[in-house]
Amino acid sequence: MAFNNTKWEVVIGLETHTQLKTKSKIFSGASIAFGAEPNTQACVVSIALPGVLPVLNKEAVHCAVKLGLAINAQIAPRSVFARKNYFYPDLPKGYQISQFELPVVGMGELTIQVGGEEKTIRITRAHLEEDAGKSLHGDFHGMTGIDLNRAGTPLLEIVSEPDMRSAAEAVAYAKKLHELVQWIDICDGNMQEGSFRCDVNVSVRPKGSDKLGTRREIKNLNSFKFMQQAIEYETQWQIETLEDGGTIHQATVLFNPDTGETRAMRSKEEANDYRYFPDPDLLPLEITSAFIEQVRATMPELPHAIQAKFEQTYGLAAYDATALTSSRAIADYFVATCTAFGGEAKLAANWVMGSIAAKLNEENKAIAESPVSPELLAGLLKRIADNTISGKIAKEIFEAMWAGEGSADSIIDKKGLKQISDSGAIEAIVEQVLVANAAMVAEVKAGKEKAFNGLVGQVMKASKGKANPAQVNEVLKNKLGI
Amino acid sequence: MINRSLKQLATMLANKQISSVEITSEYLKRIAQHNPEINAFITLNPEKTLAQAAAADQRIAQGNAEPLTGIPLAQKDIFCAKGWRTTCGSKMLENFIAPYDAGVIERFDAAGAVNLGKTNMDEFAMGSSNETSYFGKVQNPWDRARVPGGSSGGAAAAVAARLCAAATGTDTGGSIRQPASLCGFSGLKPTYGLVSRYGMIAFASSLDQAGPMAKSCEDMALMLNVMAGFDSRDSTSLEHEKEDYTRKLKDNSSDKPLAGLKVGLPKEYFAEGLDGAVAKVVNDAIDQYRKLGAEIVDISLPNTMLSIPVYYVLAPAEASSNLSRYDGVRYGHRASQYDDLMDMYCKSRAEGFGAEVKRRILIGTYVLSAGYYDAYYLKAQQIRRLIAQDFTEAFKQCDIIMGPAAPSTAFNAGEKVDDPVSMYLQDIYTIAVNLAGLPGMSIPAGFASSDDGKPLPVGLQIIGNYFDEARMLSVGHAYQQVTDWHTRMPEGV
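Here the protein sequences come in this chain order: A and B.
Position 184 of the first sequence, counted from 1, bears residue number 419 in our numbering, the numbering being contiguous throughout.
Position 283 of the second sequence, counted from 1, bears residue number 542 in our numbering, the numbering being contiguous throughout.
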């Protein structure tokens, strides 16, 4: 960072709009599937025809309770839907149904890791609300098109405390939350389609001050990379402004990915008075402890619990355990591999985080799309563990498996890749190598260790990599009398 | 035919003495004759109406008629009815053809009733005289210079002038009961949540409730049998066990059929502000109840005077938000010329809404604004609970509450249009019932002479406890067997 961060402290809080994975809208039966033709998923309620009324989708409440349980928060026994009144063409009712004074989820927390350190970020609240439609500019000859397919899509707005002190912490929090909402299966996490959008509140203050500076809100960040850039730019801009004797005015800003800059969109002083009041069309949302228990019973084990289990049951290091719980799919894949393999978990961990991750990354695939299933991978690991193949050959077999050539065993058979562990065969190869490399033998005998490794290499080469390296070592040492 | 009860019409239909098409045609003829002056209907569609009547006749012929099959009813223009223009009395919706049916309309359709047309009303149900309608004022059939009351003024005139067999209305602060009183027929606002609000254009969501307007309590019971019932599309609809509202309607078997019934008279309903002639009629009606065996007890509803200020905070607050959807973007009136988005909103709404609607939007916007919310909206909600509490206490001392439905008889058109507060006082006896969510009704109790000697109807209001509609109807029915006020018809129709 270019700015002088010995003098200033940045304070960051996030508001995250999470689109919930329900089938229908939050207050009507219309579908929320992405990408439909404009206004084909706009029922009479979505269009806000005269006389229509909202009916709460219980599935959305289920999702909110799941999040509440996952962040160890208070679930409000009674919360209230309120109307946020403002005019906008893609807001069909002229108000958004949201929660204001009494949200469904109260104070909770999320633990992040930054630079090897753990930090707990407090989550102030999470509330249910409906999304607006979309205004479409262009293609309309100077007019604006309105698509109300998205109007009424269920959102859970998750609001953090201003607990983050760097862009890295903010990104770590956002990533962790992104992982979590997918882990508990309430959001598909698709940032390009807007399923997970972050507004970031940034302010700076002199180090040591306990008074918050004036914040500016960076709206609608839809990638972690942009979030990092936007916060860094914004922080620097605020510090420079203050150091130049200027003042920060509360404002909403947009990040321009092309220039890497943030720019004020509208000043908050001109902001609407939203005239919130309880929506008389909806009764207060009452959540019984029985319902909470019912939801709890459907909850998957959470990442931190699984991390602990990986460390205890499989003896993995904290770093490995964290990496293997970055998503539920990866954790499930790893567990399935271990179960099918039955051997040393560290070996499975190395392969999942190594070759599998590299390949997925290279081909931009999710682990669920991996052509090498946990069972196939386990088959390969078994052959490594019982010394049928060497690590080097294993890589070659893995490539073949990835290409769909079958199981490890069938590839080993077909390609004759079985490790040579027959001592007679190895001795024969060693003798040939010793004869052909008299100079090196002389060097070894003169005490040059490097030459010994050279001979090992020659033997491996002569065996096309199939000779058991440990046996090669032993036989060589015997023959050379060292 | 036009004075027959719904039950009598059903019997005639079942016996093939008359067909639905014939009854319907007769009403359409009467409407064609009188509506140009009375202006009770905003929209008629004889073709659609007669097709429904013909279908009802078929259903009767097949032998699966229900009590209202083939009966022509007038629907307040606040209910969306598929394929019907639905204006809510506003220029804003002058050309709005509803693409779906309200819950109430669906239920009447399923029962085989015939939709005669959409009745005139105060714009978005905001008014007590039907004078705020974009589609013109409605005449009171008893004195054409006078108002029918509001907001269900078109329905009221239609029932009083026998332009329909019965009608639907909605009541947010008295919009069924006050016109019932002013036009001399029976009107009931049920317990909040009993009748679905789905498809009923919202004025003030926490107060709006639909109900029947008819010639007698018996007719209202038959109407309510169709209208009442849970609707999953309305979150404020109550899951209440299905009732037959006719079940307590009994022939007076003795001199004192109401022996054991305790009737409470709230002293606040007979205080200053009540017209003397109206008070006399109401007191006579109460004497009649005494004769029928009821015990009359004095009660108090101490917060009655607060109900108007509370109502005129809460109802406009909800309305200001409910009416935000009329922005000219998707349907409804859009200004023909505008510079930009804000200009389009402003012009469309300025042109589309009338003065009273604008007044209430302004009041509502103000009371919800930052800095005023606590003093107005929140305070009003607290007092609303006190008003409901008044009734809870009162019902510990009596079974039924009686009093006037309106402080005066019908007033002259134009008399109160420039004096909104005096207009708002029309609802002084009805509003608290909406705030408490209780059922209330008005039945004809006699007449008071106007200044020029014309007889003008006076209604008796009967307020019951939650879900006590069946008893209220039976109490009204007992009275209607010993009086004939409800059978009187204005001259000249």
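The C-beta atom is built at its ideal place from N, Cα and C for all residues, glycine as well.
Checklist entry - So does A/K446 have its beta carbon nearer than 8 Å to some heavy atom of the ligand COA? => result Only the bare structure without any ligand can be found here, which leaves the ligand COA out of the picture.
Checklist entry - Going by DSSP, which residues form a beta bridge with B/A473? => result By DSSP's assignment, B/A473 forms a beta bridge with B/S445.
Item to check | B/V522: first and last residue of the uninterrupted beta strand (DSSP E) it sits in | outcome: For B/V522, the enclosing beta strand (DSSP E) starts and ends at K521 to P525.
Checklist entry - Mind pulling the chain A residues with CB within less than 9 Å of B/I460? => result At a C-beta separation below 9 Å, B/I460 has these neighbours in chain A: P285 and G286.
Checklist entry - Considering only C-alpha positions, which residue in the set A/E709, A/A613, A/V280 and A/D644 is nearest to A/S658? => result The shortest Cα separation from A/S658 among A/E709, A/A613, A/V280 and A/D644 belongs to A/E709.
Item to check | DSSP-derived helix/strand/coil call for B/W343 | outcome: B/W343 falls in the coil class under three-state DSSP.
Checklist entry - Are there 16 or more other CB atoms within 10 angstroms of the CB of B/A518, so buried, or fewer, so exposed? => result B/A518 is exposed by the Cβ-count criterion.
Checklist entry - According to a CB-to-CB cut-off of less than 9 Å, which residues of the segment 363-388 of chain A neighbour chain B? => result Of all residues in the segment 363-388 of chain A, only T379, I381 and L383 come within less than 9 Å of chain B when Cβ atoms are compared, listed by chain position.
Checklist entry - Got a sec? Which residues, its chain only, sit under 6 Å from B/S496 by beta carbon, not counting five neighbours each side? => result Short of 6 Å from the beta carbon of B/S496, and not among the five residues preceding or following it, lie these beta carbons of its own chain, in chain order: G452, S455, F489 and D490.
Item to check | For B/T378, the nearest candidate out of B/D368, B/G712, B/P358 and B/F338 (CA to CA) | outcome: The candidate whose alpha carbon is nearest that of B/T378 is B/F338.
Checklist entry - Should B/I722 and B/I622 be called a contact, given that it needs their Cβ atoms to be closer than 9 Å? => result Not in contact: B/I722 and B/I622 (Cβ atoms no closer than 9 Å).
Checklist entry - By Cβ distance, which residues of its chain are closer than 7 Å to B/A639, with the 5 residues on each side in sequence left out? => result So the list reads V569, V572 and L573, once near-sequence residues are dropped.
Checklist entry - Would DSSP call B/L272 helix, strand or coil? => result In the three-state reduction of the DSSP assignment, B/L272 falls in the helix class, which pools H, G and I.
Item to check | B/A664, DSSP secondary structure in three states | outcome: The answer is coil: DSSP assigns B/A664 none of H, G, I, E or B.
Checklist entry - Where does the unbroken alpha helix (DSSP H) through A/L291 begin, and where does it stop? => result No alpha helix (DSSP H) contains A/L291, which DSSP labels as neither H nor E.
Item to check | Presumed contact (8 Å Cβ cut-off) between B/P331 and B/T283, rounded CB distance | outcome: Confirmed, Cβ separation roughly 5 Å.
Checklist entry - Would A/V381 pass as a contact of A/G368 if the rule is Cβ separation under 9 Å? => result Note that residue 381 of chain A is Ile in the sequence shown, not Val. Taking 9 Å as the cut-off, the Cβ atoms of A/I381 and A/G368 count as close.
Checklist entry - Hey, which unbroken runs of the beta strand (DSSP E) at 3 residues or more fall wholly within the segment 568-633 of chain B? => result Correct list: empty.
Checklist entry - Quick one: what's got a C-beta closer than 7 Å to A/K503's C-beta in the same chain, skipping five residues either side? => result Legend: pLDDT at A/K503 = 49, less than 50; position of this residue unreliable, value from coordinates given subsequently. Counting only residues of its own chain and dropping the five nearest sequence neighbours on each side, A/K503 has a CB closer than 7 Å to the CB of Q485, A486 and T487.
Item to check | Neighbourhood of B/P714 by C-beta distance below 8 Å, restricted to the same chain and skipping five residues each side | outcome: The residues are W401, F706, A707 and S708.
Checklist entry - What residues match up with B/I479 in a beta bridge as DSSP calls it? => result Going by the sequence as given, residue 479 of chain B is Met instead of Ile. The secondary-structure analysis by DSSP pairs B/M479 with nothing; it has no beta-bridge partner.
Checklist entry - Can you list the residues of chain B that A/Y330 reaches, using a CB-CB cut of under 7 Å? => result Chain B residues near A/Y330: S580 and S583.
Checklist entry - Just the Cα atoms here: how many angstroms apart are A/S556 and A/T470? => result Just to set this straight, residue 556 of chain A is Ala in the shown sequence, not Ser. As the crow flies, the alpha-carbon of A/A556 is around 33 Å from that of A/T470.
Next on the checklist: Across the segment 279-294 of chain A and the segment 447-454 of chain A, are there enough close Cβ pairs to call them in contact, namely three or more that are closer than 8 Å?
Outcome noted: Contact between the segment 279-294 of chain A and the segment 447-454 of chain A is absent, because fewer than three Cβ pairs lie under 8 Å.
Checklist entry - If A/I332 and A/E364 are in contact, beta carbons under 8 Å, what's the gap, nearest whole angstrom? => result Approximately 7 Å separates the beta-carbon atoms of A/I332 and A/E364; this is inside 8 Å, confirming the contact.
Next on the checklist: Between which residues of its own chain and A/K301 is the CB-CB distance below 7 Å, once the five residues before and five after are set aside?
Outcome noted: Once the five neighbours on either side are set aside, the close Cβ partners of A/K301 are I419, I421, V530 and M534.
Next on the checklist: Please identify, using Cβ separations under 8 Å, the residues of the segment 485-503 of chain B that lie next to chain A, in order along the chain.
Outcome noted: Taking 8 Å as the Cβ-Cβ cut-off, the segment 485-503 of chain B approaches chain A at S491, R492, D493, S494 and T495, given in chain order.
Checklist entry - Ordered along the chain, which non-local residues of its own chain (more than five positions away) have a Cβ less than 6 Å from that of A/M636? => result Here the set comprises V607 and L611.
Checklist entry - Are A/V296 and A/I522 close, meaning C-beta to C-beta below 9 Å? => result In contact: A/V296 and A/I522 (Cβ atoms closer than 9 Å).
Checklist entry - Looking only at its own chain, which residues have a Cβ that is under 8 Å from the Cβ of B/Y359, when we skip the five neighbours before and after it? => result Closer than 8 Å at Cβ, skipping near neighbours: C339, K341 and G458.
Next on the checklist: Tell me the rounded alpha-carbon separation between A/G264 and B/N323.
Outcome noted: For A/G264 and B/N323, the distance between alpha carbons rounds to 33 Å.
Checklist entry - Hey, does A/L518 have any beta-carbon neighbour from chain B nearer than 9 Å? => result Taking 9 Å as the threshold, the shortest C-beta distance from A/L518 to chain B falls below it.
Next on the checklist: Between B/A414 and chain A, is the shortest Cβ-Cβ distance under 9 Å, so that the two count as touching?
Outcome noted: Chain A places no beta carbon closer than 9 Å to that of B/A414, leaving this residue out of the contacts.
Checklist entry - Cα separation between A/E428 and A/F269? => result Near 8 Å, if we compare the C-alpha coordinates of A/F269 and A/E428.
Next on the checklist: Tell me the rounded alpha-carbon separation between A/G716 and A/V676.
Outcome noted: Whole-angstrom Cα-Cα distance: 11 Å.
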